[in-house]
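Residue numbers (the working numbering), protein chains in the order written: chain A, 107 to 222; chain B, 179 to 288.
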């Protein structure tokens with residue numbers, strides 16, 4: 107149990123376009139999901155906390171209007187990178203809290219975004 | 179900022195026990211010690227967590243010192259598939275946000 111999926115696993119887009127990344131908890135309901143970003147050879151950086159049915163809480167320095175987060179159901183959260191630029195190229199990872207396992211976070215496999 | 183300190187890298191021979199240290203001298207009484215690992219180009223994987231007692235599961239053992247200021251993650255019989263970056267985290271509960279430090283890059287040598 108406690109499987110989290112992400113779609114797509116990788117995406118290449120042109121500068122100025124928007125990209126949507128989906129995060130799904132496959133076998134459990136997650137009231138809280140988290141979004142992270144990871145640049146090459148660096149650690150994961152928390153971007154925002156997403157709660158089902160409410161607005162996401164963004165970490166300091168993360169632009170909420172650029173990284174739109176929607177958590178419309180207990181099994182799905184989406185991250186939309188709007189007007190993407192090459193500096194947004196990164197590995198985006200989500201996690202979901204499983205109340206059956208002490209609310210432990212389980213991570214998705216990540217989405218690699220390349221903006222040309 | 180991360181509240182833990184870990185060596186940037188370690189080597190371990192295949193089949194031997196890998197002992198990964200972590201210092202968390204400012205840990206609060208209600209904070210747990212968590213360990214995750216990230217294999218290259220994958221999402222992090224939960225390994226184990228504990229409060230003050232030593233813990234063991236099918237993946238690893240966690241040894242926490244009596245003063246809780248440091249801990250050691252033990253992989254009893256390391257394999258090449260254990261090559262990864264290992265993160266030691268302190269936090270209050272499972273759904274509390276995770277602040278990742280730089281972790282320890284573990285190399286398993288054949």
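We put the beta carbon where it would ideally sit given N, CA and C, even for glycine.
Supposed close pair residue i, residue j - CB separation, criterion 8 Å
i, j, result
"residue 245 (chain B)", "residue 286 (chain B)", "In fact, because the Cβ distance is near 31 Å, the residues do not count as touching under 8 Å."
"residue 240 (chain B)", "residue 249 (chain B)", "6 Å"
"residue 251 (chain B)", "residue 276 (chain B)", "Not a contact, Cβ separation roughly 16 Å."
"residue 190 (chain A)", "residue 175 (chain A)", "Not really, about 15 Å apart at Cβ, beyond 8 Å."
"residue 221 (chain B)", "residue 215 (chain A)", "5 Å"
"residue 177 (chain A)", "residue 158 (chain A)", "5 Å"
CB contact check: residue i to chain B, cutoff 8 Å
i, result
"residue 196 (chain A)", "no"
"residue 188 (chain A)", "no"
"residue 134 (chain A)", "no"
"residue 150 (chain A)", "yes"
"residue 215 (chain A)", "yes"
"residue 157 (chain A)", "no"
"residue 223 (chain A)", "Any answer about residue 223 (chain A) is impossible in this case: the structure gives chain A only from 107 up to 222."
"residue 140 (chain A)", "yes"
"residue 199 (chain A)", "yes"
"residue 211 (chain A)", "yes"
Residue-chain proximity (residue i, chain A), Cβ-Cβ < 8 Å
i, result
"residue 276 (chain B)", "yes"
"residue 280 (chain B)", "yes"
"residue 228 (chain B)", "no"
"residue 184 (chain B)", "no"
"residue 254 (chain B)", "no"
"residue 271 (chain B)", "yes"
"residue 221 (chain B)", "yes"
"residue 224 (chain B)", "yes"
Residue i, DSSP secondary structure in three states
i, result
"residue 213 (chain A)", "strand"
"residue 229 (chain B)", "coil"
"residue 258 (chain B)", "helix"
"residue 240 (chain B)", "strand"
"residue 204 (chain B)", "coil"
"residue 220 (chain B)", "coil"
"residue 189 (chain B)", "strand"
"residue 252 (chain B)", "strand"
"residue 197 (chain B)", "strand"
"residue 271 (chain B)", "coil"
"residue 174 (chain B)", "A question about residue 174 (chain B) goes unanswered here, because the residues of chain B that appear run from 179 up to 288."
"residue 246 (chain B)", "coil"
"residue 373 (chain B)", "The requested residue 373 (chain B) is not part of the displayed model; chain B covers only 179 to 288."
"residue 219 (chain A)", "strand"
Contacts around residue i, its chain only, beta-carbon distance under 6 Å, and the 5 residues preceding and following it disregarded
i, result
"residue 205 (chain B)", "246, 268"
"residue 126 (chain A)", "184, 186"
"residue 145 (chain A)", "196"
Chain-order list of residues whose beta-carbon lies under 7 Å from that of residue i (same chain, five-residue window excluded)
i, result
"residue 229 (chain B)", "210"
"residue 220 (chain A)", "118, 195"
"residue 131 (chain A)", "110, 181, 202"
"residue 284 (chain B)", "188, 190, 196, 198, 260, 261, 262, 264"
"residue 199 (chain A)", "142, 144, 150, 213, 214, 216"
"residue 218 (chain B)", "none"
"residue 203 (chain B)", "247"
"residue 124 (chain A)", "186, 187, 188, 189, 190"
Cutoff 8 Å; reference residue i; Cβ partners in own chain excluding five residues on either side
i, result
"residue 238 (chain B)", "213, 225, 226, 251, 252, 253, 254"
"residue 201 (chain B)", "182, 183, 184, 247, 248"
"residue 168 (chain A)", "153, 154"
- Query: Could you give the uninterrupted runs of the beta strand (DSSP E) lying entirely in the stretch 113-137 of chain A, keeping only those of 3 residues or more?
  - Reply: 116-119, 125-131
- Quick one: which unbroken beta strand (DSSP E) runs of 3-plus residues sit fully inside the stretch 128-207 of chain A? Chain order, please. 138-144, 151-157, 173-179, 182-187, 196-204
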